[in-house]
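Since the structure comes first, as structure tokens, the remarks are kept for the end.
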Amino acid sequence: MTRTVGGADSTAERLRTMIASGDFSPGAQLSEERLSDQLGVSRNTLREAFRLLARDRLVEHVFNRGVFVRRLSAADVADLYAARRVLEEAAVRACTPGSAALAAAAAAVAGARAAAAAGDWGAVGTADIRFHAELVRAVPSERIHVLMDGLLAEMRLAFLTADDPASFHAGFVERNDAIVSALRDGDPDAASALLADYLDDAEHTLRLAAGATD
């Protein structure tokens, strides 16, 4: 067959999008033969893409079995939220009412609301990810931005475990909007409190979905 032009980075990005969209559920095996044909890339390119995704903790290599989409444990979810609290609290403190980061975060909320009205809960989840990513852009550090993007990529795996994605995502659209409103009012303390409650509730829901007993 004719191979398409594309390196490991672009192949990894395509797979990352497919995983985020739920094309592969957590725990699913990624067939090297099938994906090589489906994506039109060589097996060497695909293996390098798998390596990149493993670095991002989205897939894992199981000896003598193959490559699988990671299934997050309750401990993984707790660890992700511990990291998010540090980064997003810093973002709230760095965000000013007129900042570009806040404007972009507000646009993400508007996108989430429109997607919710259309019943597109996958798009709502994407907008929610974008909201948090944009908010962290208030911190003037490219390293922080890269770290947050990596955490949010893993969060996609946690979202896929939610029993009722519509209910899960719908509840947070207005809460994101409340955080934006507090920051526009120049009240980072209120925004911080709203964010803390938000993250606590989201973590609890996703830890239960991942198998926690509390």
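Numbering follows my numbering, with no gaps: position 204 of the sequence shown is 188.
Every residue, glycine too, gets a C-beta built ideally from N, C-alpha and C.
Inside the segment 118 to 189, DSSP marks whole alpha helix (DSSP H) runs of 4 or more residues at positions 126 to 143, 149 to 168, from first to last along the chain.
Leaving aside the five residues that flank A100 on each side, the residues in its chain whose CB is nearer than 7 Å to its CB run, in chain order, V108, A154, V157. When Cβ pairs closer than 8 Å are counted between the two stretches, the segment 178 to 191 is seen to touch the segment 58 to 76, the count reaching three or more. In chain order, L42, V53, R140 place their CB closer than 7 Å to the CB of I3, counting only its own chain and leaving out the 5 sequence neighbours on each side.
The beta carbons of L86 and R168 sit closer together than 9 Å.
With 16 or more other Cβ atoms inside 10 Å of its own Cβ, A75 counts as buried. As far as DSSP is concerned, F34 takes part in no beta bridge. By DSSP's assignment, G50 forms a beta bridge with V46. Straight across, the Cα-Cα distance linking R35 with G50 is about 12 Å.
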